[in-house]
Amino acid sequence: MINKSIAAHFPMTSNSKGILLMVFGGFAFATMGALTHELGKHCDWLLIAFFRMLISFIITFGLALRAGINPFVFNNSTLWLRSLVGSSAMLATFYALTQLPISEVAVITETRPIWVAIVAGYILGETSSKKIWLSIIFGMIGVILVEHPRILELNFAGLLAVYAAFGGAVVMICLRKLKNLDPRTIVIHFSGTATIITLITLLSVRGEVDLSVFDSTTIILMLLGVGVFGTIGQLAMTKAFSIGEAPSVASAGFIKVGFSAGYDLLIWNYIFNIPTIIGMILIIASTGWLFSRKKNSTIESQNLDHDLKNKGLIIEK
Numbered sequence: 001m002i003n004k005s006i007a008a009h010f011p012m013t014s015n016s017k018g019i020l021l022m023v024f025g026g027f028a029f030a031t032m033g034a035l036t037h038e039l040g041k042h043c044d045w046l047l048i049a050f051f052r053m054l055i056s057f058i059i060t061f062g063l064a065l066r067a068g069i070n071p072f073v074f075n076n077s078t079l080w081l082r083s084l085v086g087s088s089a090m091l092a093t094f095y096a097l098t099q100l101p102i103s104e105v106a107v108i109t110e111t112r113p114i115w116v117a118i119v120a121g122y123i124l125g126e127t128s129s130k131k132i133w134l135s136i137i138f139g140m141i142g143v144i145l146v147e148h149p150r151i152l153e154l155n156f157a158g159l160l161a162v163y164a165a166f167g168g169a170v171v172m173i174c175l176r177k178l179k180n181l182d183p184r185t186i187v188i189h190f191s192g193t194a195t196i197i198t199l200i201t202l203l204s205v206r207g208e209v210d211l212s213v214f215d216s217t218t219i220i221l222m223l224l225g226v227g228v229f230g231t232i233g234q235l236a237m238t239k240a241f242s243i244g245e246a247p248s249v250a251s252a253g254f255i256k257v258g259f260s261a262g263y264d265l266l267i268w269n270y271i272f273n274i275p276t277i278i279g280m281i282l283i284i285a286s287t288g289w290l291f292s293r294k295k296n297s298t299i300e301s302q303n304l305d306h307d308l309k310n311k312g313l314i315i316e317k
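Per the numbering used here, the sequence shown starts with residue 1, numbered consecutively.
In structure tokens form, the structure reads like this:
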């Protein structure tokens with residue numbers, strides 16, 4: 001009876017499932033960020049990024065083979081756009097993570113839902129309700145409160161984080177258009193492309209790679225953790241955007257800021273003041289508010305998908 005009562009008040013529509021996946025992905029990405037920040041004290045940030053993408057490629061390639069899925073798609077321009085823009089945004093994010101507190105990076109990069117909400121209306125034909133816009137506004141207010149001492153600092157790492165946010169918005173729109181393509185195929189394409197780009201960047205910029213870091217078992221385990229948690233977050237985010245509406249799923253990503261701030265507090269003893277605490281509450285509240293969608297959201301989503309297919313915006317397998 002209790003489960004039925006909960007289900008009646010919080011119906012698990014495809015959009016709600018997408019939001020849940022985004023929250024789970026946010027936790028995975030925050031964990032990856034914490035590992036990356038600590039590794040940045042001992043490793044070249046390009047080496048960290050390379051192993052993150054290499055491990056992701058190996059894991060997703062294995063999952064695709066096990067499921068009997070064709071892991072290679074080369075003739076999809078939207079998929080290439082997603083992978084190329086995603087690769088550049090990934091490099092920008094990893095540099096920022098090694099230079100700034102992870103909650104600050106999360107704050108800056110989580111401005112992308114604003115871009116998604118605006119751009120989605122033109123590209124996908126999705127309209128953002130007042131509720132979604134209010135959720136975004138309150139979430140952004142929370143984001144500003146969490147990192148208000150640093151958010152206006154215009155350093156190189158901060159600027160790269162801003163670019164990562166814009167690139168992330170482009171990626172999110174691409175994921176929505178790729179909703180009928182298996183998430184594992186999308187992640188394999190991205191991780192393979194990013195691995196090659198990162199390796200080329202590493203060799204061309206550094207000339208040679210310092211491999212002495214692999215003498216430490218702890219460093220090796222942390223590098224593996226970056227790859228594993230990054231892959232989990234990537235799969236969760238990709239699936240979330242394939243089943244949910246772009247603006248609301250993107251808004252759920254705000255909760256990653258809360259997770260990141262938690263790591264800053266627990267690991268690096270970052271002290272939060274009252275505005276920061278209020279900001280964290282706003283972030284979590286704005287994310288939870290997205291669950292109380294109307295029951296007809298599934299029907300609306302189905303009608304939207306039908307319209308998009310007629311317009312040729314949804315790419316079939």
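Glycine residues also receive a C-beta, built at the ideal position from the N, C-alpha and C atoms.
Since we're looking at a predicted model, the values are computed, not measured.
- Per DSSP, the unbroken alpha helix (DSSP H) holding Leu159 starts and ends at Phe156 to Lys177.
- Distance check between Cys174 and each of Met237, Leu223, Tyr270 and Lys130 places Met237 closest, using alpha-carbon atoms only.
- Per the C-alpha coordinates, the member of Thr60, Phe166 and Lys130 positioned closest to Ile69 is Thr60.
- Boundaries of the alpha helix (DSSP H) around Glu38: Ser14 to Leu39.
- In its chain, beyond the 5 residues on either side, Ser56 and Ile59 have a beta carbon closer than 6 Å to the beta carbon of Thr231.
- The DSSP-derived three-state label of Ser212 is helix.
- For Lys256, the closest alpha carbon among the candidates Ser242, Leu211 and Met22 is that of Met22.
- By the Cβ rule, the region 70–90 counts as touching the region 188–199, because three or more pairs are nearer than 8 Å.
- Residue nearest to Gly262 within the set Gly25, Thr31, Ile196 and Lys41 is Thr31 (criterion: CA-CA distance).
- Here the region 206–221 does not lie against the region 154–167, with fewer than 3 beta-carbon pairs under 8 Å apart.
- With fewer than 16 other Cβ atoms inside 10 Å of its own Cβ, Asp210 counts as exposed.
- Take the alpha-carbon of Phe29 and the one of Gly233: they are about 5 Å apart.
- Inclusion of Ala96 and Val105 in the CB contact set at 7 Å is warranted, their separation being smaller than that value.
- If you look at Thr111, you'll find it isn't in any alpha helix (DSSP H); DSSP assigns it neither H nor E.
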